[in-house]
Structures are given as C-alpha cells and as structure tokens.
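Structure record follows, encoded as structure tokens.
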Amino acid sequence: DWSMEAYRAQAVARIREQVGDGKVICGLSGGVDSAVTALLLHEAVGEQLTCVFVDTGLLRHGEVEQIVSLFREHFNIPLVHVDAGELFLGKLAGVTDPERKRKIIGGTFIDVFEEESAKIGTVDWLAQGTLYPDVIESVSFRGPSVTIKSHHNVGGLPERMRLKLVEPLRELFKDEVRELGRELGLPEIFVGRHPFPGPGLAVRILGEITRERVQILQQADRIYLEEIRAAGLYDEIWQAFAVLLPVKTVGVMGDGRTYEAVCALRAVTSVDGMTADFYPFEAAFLGRVASRIVNEVKGINRVTYDYTSKPPGTIEWE
Ligand code: XMP
197 DWSMEAYRAQ AVARIREQVG DGKVICGLSG GVDSAVTALL LHEAVGEQLT CVFVDTGLLR
257 HGEVEQIVSL FREHFNIPLV HVDAGELFLG KLAGVTDPER KRKIIGGTFI DVFEEESAKI
317 GTVDWLAQGT LYPDVIESVS FRGPSVTIKS HHNVGGLPER MRLKLVEPLR ELFKDEVREL
377 GRELGLPEIF VGRHPFPGPG LAVRILGEIT RERVQILQQA DRIYLEEIRA AGLYDEIWQA
437 FAVLLPVKTV GVMGDGRTYE AVCALRAVTS VDGMTADFYP FEAAFLGRVA SRIVNEVKGI
497 NRVTYDYTSK PPGTIEWE
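All the letters of the sequence shown, read from the start, carry residue numbers 197 to 514 under UniProt numbering.
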C-alpha cells in the first residue's frame, strides 16, 4: 500500500537520521527538483537548513520574484537571495563561445555559492535534487563519446566545500518528484514547469550577452509561453522557449524600415530529454505568436520556428 503521503513521512525520517543535528545548505534553481528537495529538508530539519538562491540574472521573466515569494511568503521558509546578475553579466561580457559561456557560469556559480555558504558558518551537508535517471546516467554509459555540452549543475561543489551529500530524490523519477511536490503543497505552476538549463538564458542568447538582450529575450519568451498556456498546450510540451539570434534582418513597420534581431521559437516533446521531436504547432498559432512578438518586443522584427528534432539537433541551441 504505497502512497505519496507515506513516502513523504519516510523520506523525512530518513533525512533526520542521516543529517542528525548537522547544518544543511540547499541551492534553489527555480526548478521543481530543488524546490521539492528544499521542502523535504525543511520539514525534516527546520532551522538547520539554509536555502540559497543564486540569481544569475539569466532566469525567465518573473521567475525571480516567484521563487522568492514562494519560499518567504507562501512557505515561510527563510531564503538567502543573492542578486548576482551584475557579476554574471560582467564575466560574460564579450563572450560568444557556447562552451566558454557554460564554463564561466558554472565557475561563477560555485564561487558565489561558496561565498554565501561561508557567511552561514559551519555547514556539514549539501542537499541536492539528484533524480534516479541522473544516478543511472552517471554509472552506465549512455551518451556519445564526446562532450556535446558541459552541463552546469552543482557538480564539483561538494568536494571543493568538503560537504556531505543529502539527496532525498535519488530513487524518484521526474513524474514522482512532481507528485511529491503536490503532496508538499508546491503550487502547480512550479510542479508542472518545463525543465530549464542551469546556464539559463545565456545559452538561448546566441552571440554576446548584454542586459538589453536578456530583457529582449525574456519578453519574447514570456509572450510565447503565455500563448502556449492560453492554447492549453503547455502540459503536452516537454520544453518550449524562445532563442535570440545574433542576426539582424530588414523589416517594415508603419512607414518605416526596421533593422532588428531575429528570434527563433523552439518546442519539443520528449520523455527524458535524450531524444526529442519538434512540436507540430498549427500555423495559425505560430502566426499569432510571431505577430505579438514583433509588435510588442522592441528589438525583434522577425520570428522563425525550429523544425529540428533531436537527434540531429540538440534541444538547446548552444
Ligand atoms: P540538449 O540541449 O543537450 O538538452 O538536447 C537536453 C536537456 O538538458 C537541458 N540542459 C541542461 N540542464 N544544465 C542543466 O541542468 C545544463 O547545462 C543543460 N544544458 C541543457 C536542456 O534544457 C534539455 O532539457
């Protein structure tokens, strides 16, 4: 007789046993895995837990406010919000190479997290939202023999900070984590959220990353997701997002010539992100999104749709 309610109680008991009276730090990313991890830990050890949210300035529109208010107001869990947007933008200035972007973001993230952790004092444990598929992937060889993308997560942190790991989601699949999130009272907007890469919008802004280009992409992406939700398609899609291209094209608006950036829209279905099919939107839907983006977002005058599946394309463009 297995229920999520029973699982929750069991997981909490196990965490208490493992952690004892040690201090725990948990990094929030805005995603469902880290949120569920933090909620479980909080239930288990209360004030022994400190949640740290490193805000890279590279999240989607409105997400920062959502995470901060979810924890502080909705759950009444103290949260350290590190506003590191300027730092990340500074380190990324002039960088266009995808792998360099990823390395810079991963390295800067670790620096900031370590610095915050030092302020808390002695920390013994790092809580991580590792899922069962991540566990399998790291022991059995599934991927291609070359690095396609250096994934950014909190890997590397535990050794450097000499922390022990507590990973309460290690035996769960994504759909089970979502179920557990519901059981813990996580709002649906978080529970059902599309996966989002660690390096955030940096790998969706092709070419140079500037504050202005981040804002342009956030607006286009917000409109796209709004329309997807309004059409009732959000839950059918594994991931949907806009990509800002480093290409300008000529357009006409009113009586005037425009010369602005191109934005690409991506949406895929997938089971695990390893393979994916492009989502077959109706033309009228894409037309509506394109027209809203060009009319409402200053800096974009053309929209294209990505019809590439994975393989041969990856889901993210960088
Ligand atoms: P690709 O682009 O490799 O992406 O087809 C597969 C899935 O992984 C996500 N992704 C990342 N997730 N850190 C993450 O935590 C990363 O650096 C990263 N890069 C890609 C991507 O969004 C998709 O779900």
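Glycine residues also receive a C-beta, built at the ideal position from the N, C-alpha and C atoms.
Any heavy atom of the ligand XMP closer than 7 Å to the Cβ of residue i?
| i | result |
| --- | --- |
| Gln324 | no |
| Pro393 | yes |
| Gln435 | yes |
| Arg400 | no |
| residue 175 | Beyond the ends of the chain as shown, which are 197 and 514, falls residue 175; an answer cannot be given. |
| Arg298 | yes |
| Thr233 | no |
| Lys370 | no |
| Thr246 | no |
| Lys345 | yes |
| Thr510 | yes |
| Lys506 | yes |
Classify residue i: buried if its beta carbon has 16 or more other beta carbons within 10 angstroms, exposed otherwise.
| i | result |
| --- | --- |
| Ser302 | The sequence as given places Gly at residue 302; Ser does not occur at that position. Under this definition Gly302 is a buried residue. |
| Gly339 | Because the pLDDT of Gly339 is 44, which lies under 50, any placement of that residue in the model is unreliable, and the number read from its coordinates should be weighed accordingly. With fewer than 16 other Cβ atoms within 10 Å, it is exposed. |
| Ile424 | buried |
| Glu514 | buried |
| Ala479 | exposed |
| Val248 | buried |
| Ala202 | exposed |
| Ser346 | exposed |
| Asn497 | buried |
| Phe337 | Model confidence at Phe337 stands at a pLDDT of 44, short of 50, so the residue's coordinates are unreliable and nothing is read from them. |
| Glu213 | exposed |
| Ile316 | exposed |
| Val446 | exposed |
Thinking residue i and residue j are a contact (beta carbons under 8 Å), I'd like their distance in whole angstroms, please.
| i | j | result |
| --- | --- | --- |
| Val278 | Asp251 | 6 Å |
| Gly281 | Ile412 | Their Cβ separation, rounded to whole angstroms, is 16 Å, which puts Gly281 and Ile412 out of contact at 8 Å. |
| Arg462 | Phe437 | 6 Å |
| Phe369 | Leu327 | 7 Å |
| Val410 | Gly290 | Wrong, their Cβ atoms sit about 15 Å apart, outside the cutoff. |
| Asp451 | Pro329 | The Cβ separation is near 55 Å, so there is no contact. |
| Val241 | Val220 | 6 Å |
What does DSSP give as the partner residue(s) for residue i in the beta ladder?
| i | result |
| --- | --- |
| Phe437 | Arg462 |
| Glu456 | Thr445 |
| Ala472 | Lys506 |
| Ile221 | Thr246 and Leu322 |
| Asp417 | None, per the DSSP bridge assignment. |
| Leu361 | Leu322 |
| Ile385 | The partner list for Ile385 (beta bridge, DSSP) is empty, contrary to what the question assumes. |
| Val278 | Val250 |
Worksheet item: Are the region 466-475 and the region 503-512 touching, with three or more C-beta to C-beta distances below 8 Å?
Response: Three or more pairs of CB atoms, one per stretch, sit closer than 8 Å, so the region 466-475 contacts the region 503-512.
Worksheet item: Can at least three beta-carbon pairs, one atom from the region 262-269 and one from the region 283-298, be found at a separation below 8 Å?
Response: no
Item to complete: Taking 8 Å as the threshold, find out whether the region 401-408 comes into contact with the region 438-458 through three or more Cβ pairs.
Response: They touch, by the three-pair rule.
Practice prompt. Could you tell me whether the region 360-374 touches the region 225-240, where touching means 3 or more Cβ pairs closer than 8 Å?
Written response: These segments touch.
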